[in-house]
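To convert, note that position 182 of the sequence shown is 182 in my numbering; the numbers rise steadily by one, no gaps.
Idealized CB from N, CA, C, for every residue including glycine.
Please read these numbers as outputs of a predicted model, since none were measured by experiment.
Structure, as structure tokens:
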Amino acid sequence: MKFGFIGAGIVAQTLAKHLLLHGHEVVLSNSRGPETLSDLVSSLGTGAKAGTPIEAAEQDFVILSVMWPQMPTALSMVPDWTGRVLIDATNRFENMEPLVGELSGKNSSEIVAQYAPGARVIKAFNSVPMEWIKDYTEEKPKTVLFMSGDDIQTKQVLQEIWENIGFACIDLGSLSQGGLLQQIGRPLAGLNLNLLERYSVR
Ligand SMILES: NC(=O)c1ccc[n+]([C@@H]2O[C@H](COP(=O)([O-])OP(=O)(O)OC[C@H]3O[C@@H](n4cnc5c(N)ncnc54)[C@H](OP(=O)(O)O)[C@@H]3O)[C@@H](O)[C@H]2O)c1
């Protein structure tokens, strides 16, 4: 499959490596233009390209990987989000300036959805520090990955991809309810659940 990244920093680079190793293609974008990413995509190797946010959003799946204050500008680069799958890896930390959006009982991906009208928003990867998943070997432990969203079919496709690239993916349900559990400060955010061994049940 083809993944576009809006944001080309730590999250984009780490996830791109895992995806590329398993035969997927990636398009990375930032605010400064594709030419600023040429060294990076060369180092990522075959299957990696630099593009604009619009080109990133044209891929099968788009991963939003910018800091929260840049989220509105980054999403506004894409004129029409209708029908696109937008995987939100961002976090809204209270000390960020500007602190875009009001939570009022919602989770931050619901705010993201307001800035990308018509997108099918999936919340994933926000609570997995990239330091945990820098092992790209076949022997790496499976890290538990939580995912929430309202599009059940898309989640099934993504679940298979995440499992295939080395995660143990748990679907927490809808964007509003599941998303709240994986929100920063909530019970499942930042839980390090590496599955070091497979246990057999007798
Ligand atoms: N780091 C982690 O371990 C981790 C783990 C889980 C979730 N997260 C979340 O993931 C998000 C990204 O984190 P990160 O650590 O990858 O941040 P980062 O390394 O600072 O990368 C942010 C990227 O966004 C780009 N960017 C900024 N403004 C943009 C715009 N308007 N349009 C397109 N791209 C833009 C930046 O490039 P330019 O400035 O050159 O445009 C940069 O490539 C954050 O919300 C963070 O909370 C991080």
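- Within the same chain, Cβ atoms closer than 8 Å to the Cβ of E163 are found at C169, the five residues on either side in sequence being excluded.
- By the beta-carbon neighbour count (other beta carbons within 10 angstroms, threshold 16), T137 is exposed.
- Pairing P72 with L64, the inter-Cα distance amounts to about 11 Å.
- Residue state for K155 is assigned as helix, using DSSP reduced to three classes.
- Judged by their CB atoms, G166 and L172 are not nearer to each other than the 9 Å cut-off.
- Inclusion of W68 in the 8 Å shell around ligand 1 follows from its C-beta lying nearer than that to a non-hydrogen atom of the ligand.
- Closest by C-alpha distance to P79, out of P98, W68, L99 and P53, is P53.
- Of the candidates S76, D151, F61 and L28, L28 places its Cα closest to the Cα of K49.
- Assignment of beta-bridge partners to M147 by DSSP yields A124 and D171.
- Taking a contact to require three or more Cβ pairs closer than 8 Å, the region 114 to 133 and the region 79 to 91 qualify as touching.
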